[in-house]
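S.K.:
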Amino acid sequence: MKKNNKIVLQFIAVCLFAMVLISGIGQMTTYADTPYKTYTIDGYGSINETMSAYLPVETITKFGEESLSGPNDLCVTEDGEIYVADTGNSRVVVGDIEGNLIKIVGEGTLKTPMGVYVTKDKHIYVADRDAESVFEFDSAGKLLNQYGKPANPLYGESLSFLPIKITVNDAGVMYIICESNTNGIVEISPTDGGTFLGYFGTNFASSDLMTIISRTIMTDEQRAKMVSNIPSTPDNLAIDDKGLIYTVTRGDETRTLKHLNIAGTNLLGDLDYADIPAAVTAGNHDNVYVVDQKGYIYEYNNDGALLYVFGGPDDGTQRVGLSTIITAIAADNSDRIYTLDSDKAQIQVYGSTEFTDLLHEALYLYSKGRYTESKEPLARVLEMNSMFDYANQAMGRAYFQEENYDMALTYARLAKDYRGYSDSYWEIRNVWLKRNLVAVLFVCILLWAVVKLIKYLDKKKQILAKPKALGAKMKENRVMSNLSYAKYFMRHPIDGSYGIAREGRASWAAPSVILVIFILEYVINKYLCGFLQKTVREGRYEIFSDIGLVLIVVIGLTICNYLVCTINEGEGTVKKIYTYFCYSLLPYVFLTPVNFILSHVLTSNEQFLINMMDMLITGWVLVLAVLAIKEVNNFTAAETAKIIALTIFTILILALLIFIIYVLWAQVFQFISAIFGEVVYRIGS
Amino acid sequence: MAPRIKRLISLLAAAALFVASAPAASLYATTIDSETEAGAEGSESESPADSSEGTDDSGPATGRIPESEWITIKDYKKVAESDTYIMYLYEPRLSIMLENKKTGAIIESTLSDEKDDGTSNKTWTGYMKSGIVIYAIIKATNTYQVDLVNNKNELKYNYTDNGFSVDIYFEEYGFRLTVEVTLEGDELVVRIPEESIEEEMIDSERYISNISLFPFMGYTYLDDQEGYMLVPDGNGALIYLDDKEGRYNNGFSQLIYGRDEGFDYSKVETLLWNRYQTVTNANKVIAPVFGMAHTGEQQAYLGIVEKGDTRASIEAHPNGVSVNYNRCFAKFLLRDVFIQPLNNSNSGTVQNPERDRTHTDLQVRYILLSGEDADYSGMAVSYRNYLLDNGLVTAKDTAYNTRVDFLGTDREEFLVSTTAVTMTTTDNIEEIYGELQDSGVESLLSVYKGWQKGGIYSVPIKKYKADGKIGGTSALTKLIKESAEKNYNLYLYNDALRMNATTNMTTFNAVKMVNKRTLKEETRAQVYDTFYYLMPNKTNTTLNKFAKSYTKNGVNNLALAGISDSLFSYSSQGDFYGRQDCADSYQETIAGLDEDLNLVLEQPMSYLWNYTDAFLDMPLGSSDYMYLDEEVPFLSIVLKGILPMYSDYVNFEANKTEFFLQMVESGVYPSFYLTYENSSALIYTNSSDLYSTEYSIYKDTVVEYDKALREVASAVEGAYITEHTKMENNVTKVVYDNGVVIYVNYSDSEVSVDGMTIDALSYKVGEAK
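Sequences listed follow chains A and B, in order.
With this note's numbering applied, the first sequence covers 1 to 685.
With this note's numbering applied, the second sequence covers 1 to 769.
Listed below in structure tokens is the structure:
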């Protein structure tokens with residue numbers, strides 16, 4: 001019986017095997033692992049690994065018996081039909097995800113179809129480069145219209161019409177990207193057999209300050225020799241369900257992806273971009289996908305924030321989901337992504353995972369302002385990846401809406417969402433103040449009373465006599481005395497400078513103490529200040545380089561200033577110069593603790609207070625330093641200006657010198673290591 | 001003080017000497033550079049070699065051979081016969097043919113003239129029609145194909161009762177070796193004894209690079225025959241013998257037991273934004289097997305690389321990869337070329353062949369399968385029997401456990417040093433254990449990572465000393481002992497391979513590659529970005545010392561990683577060691593530890609299966625190579641009922657339902673990687689890739705998986721899988737030898753099979769009728 005069973009099973013297996021052979025397309029529909037990692041970007045803009053967002057589900061190498069040849073574009077309709085611009089075979093192939101052939105369009109008509117777009121009523125628009133035309137077919141494949149080069153003189157008479165990519169809005173207006181036409185996207189309305197409406201979404205030639213300056217001083221000949229400053233043509237485009245156009249342009253860096261409104265204005269800001277963007281397509285959840293020619297797929301939300309980047313180039317190991325040269329991307333109704341690999345002549349389909357589905361739902365609700373509803377899917381996203389910063393940010397905002405400010409603060413900080421953090425903190429502080437205002441006032445009054453009392457008692461009974469005597473005794477110590485002199489210098493720089501120059505107030509110890517305190521405060525303020533003031537990544541510490549930097553600046557300044565002063569008959573010695581530079585830092589030493597405390601209690605709204613303090617500190621330090629240079633060296637105002645300019649120049653020269661020495665030493669080390677490598681090689685063989 | 005000054009002076013003198021001799025040396029260096037360049041150019045134009053197959057694709061096709069000149073079975077002579085098979089031999093090509101006495105099915109070892117479609121060039125024709133193909137290295141960079149058709153050779157045959165041996169001599173190259181072929185019942189054993197391999201070095205520059213034995217064993221032409229090839233990728237995968245229409249440029253070609261990190265192969269890496277690696281590593285070949293099944297004629301074989309496996313690759317190439325034939329075989333690597341850098345910038349390099357070749361016997365055993373056994377389940381069953389019969393694996397306790405691993409501490413940067421990020425303390429674990437027990441989890445296997453002083457990346461671990469942040473050594477000891485009483489076994493994780501470059505300033509014990517440069521593993525992580533490998537002998541002493549201090553405390557659960565799945569060639573004080581030396585050293589170390597300890601190994605390679613109580617991190621999928629047509633749980637079928645197998649971590653799986661079903665199908669037990677604290681605390685540590693580990697999130701999943709999979713496991717406890725079939729409608733049927741049948745439905749709809757209805761994305765445990 002069992003044996004019989006086995007034979008039956010075997011028969012079934014053989015049948016199954018045969019069936020599989022006949023069907024001829026990717027049989028492995030599921031993969032436990034992906035051959036690529038998925039990354040997301042955190043609030044600092046650094047990249048972190050996350051759960052697989054999309055898995056390769058299907059590889060379509062041919063439709064029925066029809067293989068593709070160097071295909072360049074594809075379009076997927078709502079009902080799942082796949083239209084491929086099969087450039088090498090001069091046709092458009094229509095099939096489905098199972099690899100069945102539905103129809104072939106445009107055979108005999110098309111020459112080199114580079115772009116294809118299908119409207120909701122299944123009209124097929126084909127951008128044919130070598131035919132210099134856009135063809136419109138109906139759903140049965142019958143040619144309806146052919147649009148050639150617009151006759152309108154505004155198009156540019158000398159320009160040829162080489163359409164390579166096309167998209168069409170609901171009104172039938174065509175947006176066409178033409179090869180070697182840098183004026184922008186060609187916009188043609190279907191009326192009167194094609195009316196040229198104008199250029200759309202023109203990119204601007206980038207011109208930096210250097211170019212502008214050099215252009216103004218160059219001769220015409222020189223200008224002609226410069227690389228022409230022509231704006232780049234968009235590489236591809238797509239249309240979203242509101243009829244707005246997305247474009248991708250190579251070389252536009254942070255503006256690679258643009259979302260253009262009717263007026264052709266970009267709605268997106270700077271974003272993390274694909275190096276060689278090949279194509280773009282709109283998703284179903286206010287999201288957009290961009291694919292890099294090398295195979296990296298980027299998903300952005302409607303703000304242009306990067307959600308995922310995954311996929312990648314095939315390193316020769318031929319693993320499913322990695323690509324060679326991608327030319328097109330499309331997304332269908334069930335969030336599947338289709339990429340077209342022109343080198344492999346195949347379509348790779350990626351399906352979204354549970355994780356991505358949740359995120360899409362949450363982001364959709366969040367973008368619609370339904371914060372509280374979005375919390376449930378967000379919580380599940382964060383369960384799966386607690387470091388997903390967009391979810392953290394949305395979660396923080398959702399809590400903020402619910403007036404749970406503590407949680408909002410926590411999530412905002414995790415997400416590095418400064419605005420959200422500031423808002424939540426403002427609320428928390430508000431609540432605290434309301435609750436504790438009376439107590440705070442009471443404490444203030446109490447403190448004031450205690451001080452008054454002590455002063456009163458001191459007057460009457462000299463209870464502070466001993467501490468005062470101790471203070472006086474300490475001032476006898478030279479270092480202490482000099483330190484308190486520094487305080488005097490801060491308030492009376494001109495008199496103070498005189499003391500440094502003439503009264504033996506220059507020393508090594510006291511300035512060094514100030515310098516050490518300065519470094520300490522600098523480091524503490526840099527790493528432990530309030531979250532909103534932080535300029536460094538949390539958890540990142542580079543203390544040694546900070547200390548080194550301060551020391552190098554102070555020592556370099558001292559040496560250079562001394563060198564310049566001595567040849568200009570200045571009276572400063574190294575000790576004096578060191579002293580006044582260190583003493584000049586005193587305003588920072590006194591005021592930074594205030595700044596530090598402020599940074600912990602202020603929100604973005606009161607940020608100006610801290611900025612003002614910063615300006616005060618900087619100004620004061622500079623005034624002290626300049627006055628000290630003048631007075632200690634006994635210079636006139638003009639001389640002082642000259643000395644300062646010279647000092648800066650000397651510092652630059654010194655830096656150059658150090659750089660040259662460094663380079664030379666690096667050469668020496670490389671030389672020695674080459675000898676060592678040689679010796680290893682010789683001994684080895 | 002004086003000696004120090006003296007030393008300083010001598011150092012200075014040495015430096016001066018160096019500087020003085022430098023111009024001469026640097027001149028030398030430039031000459032070598034130019035030589036290499038010329039050589040490299042030469043290799044491009046002359047050499048017919050490429051990395052995988054090494055045969056010239058240029059040159060005209062040879063055309064079909066007229067039928068009158070065909071070498072047919074009439075030209076073969078019968079050389080051995082067993083109860084089931086007859087072996088024939090055609091001497092000039094060392095071509096054997098096996099005939100199944102019962103069915104008449106034939107397995108050919110070389111391309112027959114009849115099936116030669118004539119589209120290949122002379123070199124390829126020689127390759128396909130020769131029973132042995134050797135690649136020779138000449139002048140370090142050029143490789144040449146040496147075969148029995150195109151190269152002058154002398155063959156001397158000696159016949160025995162059940163086979164023959166042949167002494168082969170290639171006079172152009174001066175290579176001499178003996179091939180022994182014996183038919184033992186249903187098994188064919190081919191062997192090249194180590195001592196028979198000779199390189200005469202006619203002009204001292206001709207080395208054997210690699211040897212392929214019967215590279216066309218059981219080949220088929222395009223889609224002539226139904227069937228598939230089995231490749232040991234991941235758990236196991238099949239390449240169908242259908243017409244691939246030239247879609248693939250290369251086939252499966254992987255070194256058994258993984259890449260050799262001791263060679264500084266130039267890696268072509270394309271990084272996202274020039275910084276991030278997006279492509280994941282492919283699976284390692286865990287077991288030295290490959291197979292070919294002609295399911296139409298019900299004839300198959302399983303090839304086992306018995307000797308020389310540490311430095312051999314499994315090759316399985318479908319049609320369209322250079323030629324129109326499907327073939328699989330083992331390629332033995334004897335000597336490789338390595339790159340010797342001459343300076344730090346790698347601008348000057350020379351290529352060198354290894355000084356010595358690999359010294360092991362080369363042996364492949366073909367287990368012939370016919371009838372109902374001629375499929376991948378049959379291969380798996382025969383491999384299991386082979387392992388058991390030869391004592392390569394012994395049955396262990398396979399009782400069900402859910403595996404829940406914990407991360408103790410890791411480090412993040414703080415001020416000038418690092419500070420601990422504590423994720424799970426011993427108290428936390430005790431609490432978690434308590435809760436799980438209350439929820440009905442009867443038994444557990446846990447691996448505790450990052451328990452040691454200094455956190456998870458404070459490696460190597462020299463003694464049993466727990467980090468104070470997790471509760472300290474005595475708390476840990478107490479936890480291990482107490483939880484063992486309730487059948488919760490906590491194993492301490494020890495990566496015995498890696499050495500942290502930051503915490504261990506000495507590179508003295510670090511592995512040097514074949515080119516004498518320190519082997520570095522770059523992690524691109526935040527805190528510790530470089531790791532070295534510990535010398536195998538150092539690993540041995542460190543581990544033993546550790547084990548001693550460990551057992552002294554009365555605990556002996558150890559989870560070993562790193563050395564369980566890595567093999568490399570290395571150099572030490574002027575001597576060179578091969579992968580076999582490395583394997584021997586690790587095997588000895590692990591065998592020694594296994595005597596005193598309860599040892600579990602992380603993804604152990606097949607030569608270590610005997611020493612582990614469990615197989616951790618059993619892959620359930622493949623590496624997704626395009627040419628793979630189907631994934632099959634080959635290793636699971638082999639090991640189910642012998643070794644308990646634990647999956648990769650469930651928490652990082654994006655599609656959990658499917659992963660769960662795969663575990664049911666392959667009899668693999670689930671694994672979780674948990675922390676008590678939220679994983680966002682890890683963001684600035686080296687473990688920042690652990691993005692989802694918090695216990696409170698996964699508690700319910702753990703309990704749920706435990707309940708379901710424990711029930712499945714109890715039905716098949718200790719039983720072997722006898723048959724694994726993929727049926728219609730995405731249903732998989734797994735038959736156990738105790739009569740239990742498990743059906744797994746991967747489809748989105750309810751399916752009826754064998755009178756049973758299985759829900760969508762679900763499974764059912766039944767009895768065989």
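We put the CB at the ideal spot given by N, CA and C, even for glycine.
Would you say L528 (chain A) and F581 (chain A) are within 9 Å of each other, going by their C-beta atoms?
M.R.: Within the first sequence, the letter at position 528 stands for residue 528 (chain A). Within the first sequence, the letter at position 581 stands for residue 581 (chain A). No, the Cβ-Cβ distance between L528 (chain A) and F581 (chain A) is not below 9 Å.
S.K.: Could you compute how far the alpha carbon of T657 (chain B) sits from the alpha carbon of E717 (chain B)?
M.R.: For this step, residue 657 (chain B) is matched to residue 657 along the second sequence. For this step, residue 717 (chain B) is matched to residue 717 along the second sequence. Taking the straight line joining both Cα atoms gives about 23 Å.
S.K.: Which bits of chain A does L302 (chain B) rub up against, with CB to CB less than 8 Å?
M.R.: Locating residue 302 (chain B) in the second sequence gives position 302, where the first residue counts as 1. What L302 (chain B) touches in chain A: nothing, since even the nearest Cβ is about 18 Å away.
S.K.: For E402 (chain A), which residues from the same chain have a beta carbon less than 7 Å from its beta carbon, with the 5 sequence-adjacent residues on both sides left out?
M.R.: By one-based count along the first sequence, residue 402 (chain A) stands at place 402. T372.
S.K.: Could you tell me whether any Cβ in chain A is nearer than 9 Å to the Cβ of P619 (chain B)?
M.R.: In the second sequence, residue 619 (chain B) corresponds to position 619, counting from 1. So yes, P619 (chain B) belongs to the interface.
S.K.: Closer than 8 Å is the cut-off here; do at least three beta carbon pairs connect the stretch 409–422 of chain B with the stretch 719–728 of chain B?
M.R.: Too few Cβ pairs lie closer than 8 Å, so no.
S.K.: Closest Cβ-Cβ distance between P341 (chain B) and chain E: below 9 Å?
M.R.: Given the protein chain composition of this structure (A and B), no chain E is represented.
S.K.: Starting from K331 (chain B), follow the alpha helix (DSSP H) in both directions and report where the run begins and ends.
M.R.: Here residue 331 (chain B) corresponds to residue number 331 of the second sequence, with the count starting at 1. Unbroken run through K331 (chain B) is the beta strand (DSSP E), 325–333; no alpha helix (DSSP H).
S.K.: Helix, strand or coil, according to DSSP, for H600 (chain A) in the structure here?
M.R.: Here residue 600 (chain A) refers to the residue found at position 600 of the first sequence. Note: H600 (chain A) maps to helix in three-state DSSP.
S.K.: List the residues of chain B that N385 (chain A) touches, going by C-beta distances under 9 Å, in chain order.
M.R.: Taking the first residue of the first sequence as position 1, residue 385 (chain A) is located at position 385. What N385 (chain A) touches in chain B: S679, Y691, S692.
S.K.: Would you report the Cα separation of C178 (chain A) and F161 (chain A), rounded to the nearest angstrom?
M.R.: On the first sequence, residue 178 (chain A) is found 178 positions in, with the first residue counted as 1. On the first sequence, residue 161 (chain A) is found 161 positions in, with the first residue counted as 1. About 6 Å.
S.K.: Which chain B residues sit within Cβ distance under 8 Å of Q348 (chain A)?
M.R.: For the purposes of this step, residue 348 (chain A) is taken as residue 348 along the first sequence, with counting starting at 1. Per Cβ cutoff of 8 Å: no residues; Q348 (chain A) is ~10 Å from chain B at best.
S.K.: For I648 (chain A), which three-state DSSP category applies?
M.R.: Within the first sequence, the letter at position 648 stands for residue 648 (chain A). Helix, per DSSP.
S.K.: Would you list, in sequence order, the uninterrupted beta strand (DSSP E) runs of no fewer than 3 residues that lie entirely inside the stretch 378–404 of chain A?
M.R.: Whole beta strand (DSSP E) segments, 3+ residues: zero.
S.K.: At which residues does the alpha helix (DSSP H) containing V438 (chain A) begin and terminate?
M.R.: Along the first sequence, one-based indexing puts residue 438 (chain A) at 438. 418–461 is the span of the alpha helix (DSSP H), which, as asked, contains V438 (chain A).
S.K.: Using C-beta distances below 6 Å, list every residue in its chain close to T220 (chain B), excluding the 5 sequence neighbours before and after it, in chain order.
M.R.: As a first step, residue 220 (chain B) is located in the second sequence; it is residue number 220 there, counting from the start. If we look at T220 (chain B) and ignore the five residues flanking it on each side, its Cβ neighbours are L241, N326.
S.K.: Closer than 9 Å, CB to CB, is D759 (chain B) near chain A or not?
M.R.: Taking the second sequence and counting its residues from 1, the one referred to as residue 759 (chain B) is at position 759. No, because no Cβ of chain A sits closer than 9 Å to the Cβ of D759 (chain B).
S.K.: Interface residues of chain A around G348 (chain B) at Cβ under 8 Å?
M.R.: Working through the second sequence from its first residue, we reach residue 348 (chain B) at position 348. Under the 8 Å cutoff, chain A gives A674, G677.
S.K.: Going by C-alpha distance, which of A:A398, A:V288, A:P231 is nearest K368 (chain A)?
M.R.: Along the first sequence, read from residue 1 onward, the residue named residue 368 (chain A) stands at position 368. Taking only the C-alpha atoms, the option nearest K368 (chain A) is A:A398.
S.K.: Would you kindly work out how many angstroms separate the C-alpha atoms of Y736 (chain B) and I276 (chain A), rounded to a whole number?
M.R.: Taking the second sequence and counting its residues from 1, the one referred to as residue 736 (chain B) is at position 736. Taking the first sequence and counting its residues from 1, the one referred to as residue 276 (chain A) is at position 276. If you take the alpha carbons of Y736 (chain B) and I276 (chain A), they lie about 53 Å apart.
S.K.: Figure out for me which residue from B:F332, B:D706, B:V765, B:Y383 has the closest Cα to the Cα of N210 (chain B).
M.R.: As a position in the second sequence, residue 210 (chain B) is number 210, starting the count at 1. Residue B:F332 is the option with its Cα nearest to N210 (chain B).
S.K.: Just the Cα atoms here: how many angstroms apart are V712 (chain B) and V702 (chain B)?
M.R.: The sequence position of residue 712 (chain B) within the second sequence is 712, counting from 1. The sequence position of residue 702 (chain B) within the second sequence is 702, counting from 1. About 15 Å.
S.K.: Apart from the five residues just before and just after L159 (chain A), which ones in its own chain have a Cβ nearer than 7 Å to its Cβ?
M.R.: Residue 159 (chain A) sits at position 159 when you count from the first residue of the first sequence. For L159 (chain A), where only same-chain residues beyond five positions count, the Cβ hits under 7 Å are N181.
S.K.: Across the stretch 265–273 of chain A and the stretch 326–346 of chain A, are there enough close Cβ pairs to call them in contact, namely three or more that are closer than 8 Å?
M.R.: With a cut-off of 8 Å, the stretch 326–346 of chain A and the stretch 265–273 of chain A do not count as touching, because too few Cβ pairs lie within range.
S.K.: Secondary structure at L110 (chain A), three-state DSSP: helix, strand or coil?
M.R.: As a first step, residue 110 (chain A) must be located in the first sequence, where it is residue number 110. L110 (chain A) falls in the coil class under three-state DSSP.
S.K.: For P23 (chain B), count neighbouring C-beta atoms within 10 Å of its own C-beta (all shown protein chains included) and say buried if the count is 16 or more, exposed if not.
M.R.: By 1-based counting over the second sequence, the position of residue 23 (chain B) is 23. Summary for P23 (chain B): the model assigns pLDDT 38, below 50, so the residue's position carries little reliability; its value from the coordinates is reported in the next sentence. P23 (chain B) is exposed by the Cβ-count criterion.
S.K.: What does the Cβ neighbour count give for E221 (chain A), buried or exposed, with the cut at 16 atoms within 10 Å?
M.R.: Counted from its first residue, the first sequence places residue 221 (chain A) at position 221. With fewer than 16 other Cβ atoms within 10 Å, it is exposed.
S.K.: Cβ atoms of M229 (chain B) and A136 (chain B): under 9 Å apart, would you say?
M.R.: By 1-based counting over the second sequence, the position of residue 136 (chain B) is 136. By 1-based counting over the second sequence, the position of residue 229 (chain B) is 229. Result no, Cβ atoms of A136 (chain B) and M229 (chain B) do not sit closer than 9 Å.
S.K.: Quick one: which chain B residues come within Cβ less than 7 Å of T50 (chain A)?
M.R.: Numbered from 1 along the first sequence, position 50 holds the residue referred to as residue 50 (chain A). By Cβ distance, chain B contributes Y691.
S.K.: Spatial neighbours of H294 (chain B) within its chain, please: CB distance less than 6 Å, with the 5 preceding and 5 following residues excluded, ordered by chain position.
M.R.: Taking the second sequence and counting its residues from 1, the one referred to as residue 294 (chain B) is at position 294. The residues are Q225, G227.
S.K.: So is H492 (chain A) buried or exposed if we call it buried at 16+ other beta carbons inside 10 Å?
M.R.: Taking the first residue of the first sequence as position 1, residue 492 (chain A) is located at position 492. By the 10 Å Cβ count, H492 (chain A) comes out exposed.
S.K.: Between the stretch 384–399 of chain A and the stretch 408–417 of chain A, can you find at least three pairs of beta-carbon atoms closer than 8 Å?
M.R.: With the cut-off at 8 Å, the stretch 408–417 of chain A and the stretch 384–399 of chain A touch.
S.K.: Using the rule of at least 16 other Cβ atoms within 10 Å of the residue's Cβ for burial, across every protein chain shown, is I552 (chain A) buried or exposed?
M.R.: Locating residue 552 (chain A) in the first sequence gives position 552, where the first residue counts as 1. Per the 10 Å Cβ criterion, exposed.
S.K.: Inspect the beta-carbon positions of T84 (chain B) and L368 (chain B) and report whether they are closer than 9 Å.
M.R.: Translated into the one-based positions of the second sequence, residue 84 (chain B) becomes position 84. Translated into the one-based positions of the second sequence, residue 368 (chain B) becomes position 368. Taking 9 Å as the Cβ cut-off, T84 (chain B) and L368 (chain B) qualify as a contacting pair.
S.K.: Would you mind telling me which residues of chain B sit closer than 7 Å to V309 (chain A), beta carbon to beta carbon, in chain order?
M.R.: Position 309 of the first sequence, counting from 1, holds the residue named residue 309 (chain A). Residues of chain B passing the Cβ test: L272.
S.K.: Take the Cβ of V288 (chain A) as the centre, count every other Cβ of all protein chains shown within 10 Å, and call the residue buried at 16 or more, exposed below.
M.R.: Along the first sequence, one-based indexing puts residue 288 (chain A) at 288. Buried, since its Cβ has 16 or more Cβ neighbours within 10 Å.
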